[in-house]
Ligand SMILES: Cc1ncc(C[n+]2csc(CCOP(=O)(O)OP(=O)(O)O)c2C)c(N)n1
Ligand code: SF4
């Protein structure tokens, strides 16, 4: 039987800071179920975040937790993972945190294929700083810094991260919470760099401004616009317009970075021993 | 094996890398920049041999972030850079300072601001080293003036950082970084190495930011059974965020008091011929070498000159300066900048002696003759 998620929570730190209807709690629940299904030891899990509403999650989690600077979670996590490769290092980040200020760290971690799992809480907006547009805000959406509608185009973060070299890339939503948990579980079980984009809702700053009045409207929107990878493969480009794919989007096997480094250390030490002999 | 004991000819950057390993460095993350690059190159070669890790990150911000992460996982950590990269690291240095994560940041200074003269010496980052990040924050800044001193002082940098849980900035200059000199590498057993204070209590009793008498809390390695929270938000003794005025105040004041408590243990100053001196030079880094020659030349000409050479720039050695100012007529402060530390010398002297700055900012080092001329003038 699954352990209740409260086992992994610092319940004494509740109530949490998130708004009523915010999707971040659902995504966090999916993360915890994924950790549980992988049977991880709490002492061997390290959760790292940057800055933003999403990044406040580690404060509520009973692991080794590190709340860093804006955009840099993956870089901090890289140091932890290299120093102690036996730790499961999980980064929880927002779309602004991961794709804007932290975009460079994200693609380079994927390129190195270092064994870190990153879950990006994509609410299409900057929540914590109250509703400015992010690199994931859809074109045309309103934001406090896009009062005439956003003229920029968002990334396809999953395509970006996979193209950069990640071992595992998937997308889920807060609405499809069970699927999301399964995807995160597989990401955590992956040895190299794994990335899960979790589409979630910010009714406070995205919804209200964009005619999705309530969290329920936003969850419905997720349900109606998500297409499974299998279904998408049978659809035409026109049918897919305005929709997004959920499920496993890219899986490949590549040697993990710390393992490579272990090989390098072995070579260096052998050379040194031969010189001494 | 590396760092075998005995006399060796070493470059300053090489001495920095080897001294760091001797001090226990096991994780380095950096991004190449002249004139610090050889430190990274040397460590890429040497660290894996001692079971340590080297990574070339995508930029300087990633590098400081990675060394903080690695330090929290228990590894003695360092990064190395020069002016422009040092500026990029400032947010991370503030994080390390506030969360009290031991780490060493080497800045081999070059001419600035901006890209400046990448290959030429300067001492223009003294104030950036002290005040670069935002907010009041404890920081220690050390500054070697020879290759041998680079080797021994970088060991102190690690010891201080680990002992006091304060980031230590190791402020070199291009001349020291690139010159080659004799270093007598001591036997490993003769090197004093300090470890960070680790918790003596059971995990469920551990308060990560509760400090004892010395104001330094014990730090547990991630993954060692102590699950705790680290945040750059203002935090209480439990490590969790607080906005309560009394707790916000308590953290700022403890960190400040910790710095004061550490000060006498981390302030290194060398004095030459100061006892009977009528005039003195206060100098650091490569400039202190020109100053030593100037003082000897002055003595040969019958002028009683002395030298105060600081290896610690911050906390500023104000006691030393005050005592010297009581004895001498004037203190000359030669610097390869427009006058960054001279103001501190002036403040510490508090009118007891005349304080005269000597600036050179043409990408050339200050010569003994220039200092001598100034000594004769005052
Ligand atoms: C260096 C720096 N720049 C800007 C900020 C301000 N800031 C805090 S959170 C944030 C955006 C957060 O958005 P996102 O990552 O999407 O997370 P959300 O709050 O939406 O969950 C910004 C810009 C900061 N803290 N640090
Ligand atoms: S502002 Fe938005 S993202 Fe932040 S807690 Fe509220 S609903 Fe969630």
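Protein chains in written order, with my numbering: chain A, 1 to 277; chain B, 1001 to 1378. Every residue, glycine too, gets a C-beta built ideally from N, C-alpha and C.
Please tell me whether residue i has its Cβ less than 9 Å away from any Cβ of chain A.
| i | result |
| --- | --- |
| residue 1231/B | yes |
| residue 1202/B | no |
| residue 1001/B | With a pLDDT of 46 at residue 1001/B, under the threshold of 50, the predicted position of this residue should be treated as unreliable, and no value is reported. |
| residue 1059/B | yes |
| residue 1072/B | yes |
| residue 1247/B | no |
| residue 1055/B | yes |
| residue 1024/B | no |
| residue 1196/B | no |
| residue 1048/B | yes |
State the Cα-Cα distance for the pair residue i and residue j, rounded to the nearest angstrom.
| i | j | result |
| --- | --- | --- |
| residue 228/A | residue 250/A | 13 Å |
| residue 1244/B | residue 1215/B | 20 Å |
| residue 1001/B | residue 271/A | The predicted model places residue 1001/B with a pLDDT of 46, which falls under 50 and marks its position as unreliable; any figure quoted below should be read in that light. When rounded, the distance between both Cα atoms is 10 Å. |
| residue 1118/B | residue 1191/B | 34 Å |
| residue 1210/B | residue 1257/B | 14 Å |
| residue 1271/B | residue 1021/B | 29 Å |
| residue 236/A | residue 11/A | 47 Å |
| residue 1321/B | residue 146/A | 57 Å |
| residue 86/A | residue 44/A | 7 Å |
| residue 1418/B | residue 1290/B | The structure shown has nothing for residue 1418/B, since chain B only spans 1001 to 1378. |
| residue 1200/B | residue 1262/B | 22 Å |
| residue 213/A | residue 1253/B | 46 Å |
| residue 124/A | residue 1059/B | 27 Å |
| residue 1187/B | residue 1007/B | 11 Å |
| residue 166/A | residue 27/A | 21 Å |
Looking only at C-alpha atoms, which of the options sits nearest to residue i?
| i | options | result |
| --- | --- | --- |
| residue 1024/B | 1032/B, 1060/B, 1195/B | 1195/B |
| residue 1221/B | 1049/B, 1245/B, 1349/B, 1073/B | 1073/B |
| residue 1283/B | 1339/B, 1012/B, 1229/B, 1232/B | 1339/B |
| residue 67/A | 1345/B, 1240/B, 1250/B | 1240/B |
| residue 222/A | 202/A, 169/A, 233/A, 37/A | 202/A |
| residue 69/A | 1054/B, 1084/B, 1092/B | 1092/B |
| residue 1351/B | 1185/B, 1331/B, 1263/B | 1331/B |
| residue 1054/B | 86/A, 17/A, 261/A | 261/A |
| residue 119/A | 84/A, 13/A, 157/A, 147/A | 157/A |
| residue 242/A | 77/A, 57/A, 267/A, 153/A | 153/A |
| residue 1149/B | 1370/B, 1041/B, 1018/B | 1018/B |
| residue 1180/B | 1193/B, 1145/B, 1040/B, 1349/B | 1145/B |
| residue 151/A | 160/A, 77/A, 140/A, 7/A | 140/A |
| residue 1152/B | 1030/B, 1354/B, 1365/B, 1184/B | 1184/B |
| residue 1016/B | 1248/B, 1305/B, 1142/B | 1142/B |
| residue 1100/B | 1303/B, 1207/B, 1164/B | 1164/B |
| residue 246/A | 233/A, 38/A, 15/A, 188/A | 233/A |
| residue 206/A | 240/A, 129/A, 258/A, 239/A | 129/A |
Which two residues bound the contiguous beta strand (DSSP E) that contains residue i?
| i | result |
| --- | --- |
| residue 197/A | 194-199 |
| residue 1334/B | 1330-1335 |
| residue 1216/B | Element bounds for residue 1216/B: n/a, residue is neither H nor E. |
| residue 64/A | 64-67 |
| residue 1077/B | 1077-1081 |
| residue 1229/B | 1229-1231 |
| residue 1312/B | 1312-1314 |
| residue 1201/B | Run containing residue 1201/B: none; DSSP gives neither H nor E here. |
| residue 168/A | 168-173 |
| residue 93/A | 88-94 |
| residue 118/A | 116-122 |
| residue 1171/B | 1168-1173 |
Do we get a CB-CB distance below 9 Å when we pair residue i with the residues of chain B?
| i | result |
| --- | --- |
| residue 24/A | no |
| residue 15/A | no |
| residue 82/A | yes |
| residue 97/A | no |
| residue 5/A | no |
| residue 87/A | yes |
| residue 225/A | no |
| residue 11/A | no |
| residue 280/A | Shown here, chain A extends from 1 to 277; a query on residue 280/A therefore has no answer. |
| residue 66/A | yes |
| residue 43/A | yes |
| residue 46/A | yes |
Tell me which residue opens and which closes the alpha helix (DSSP H) that residue i is part of.
| i | result |
| --- | --- |
| residue 273/A | 257-276 |
| residue 1090/B | 1090-1099 |
Can you find a heavy atom of ligand 3 that lies under 8 Å from the Cβ of residue i?
| i | result |
| --- | --- |
| residue 1267/B | Looking at this structure, you won't find ligand 3 anywhere; what it does contain is ligand 1 and ligand 2. |
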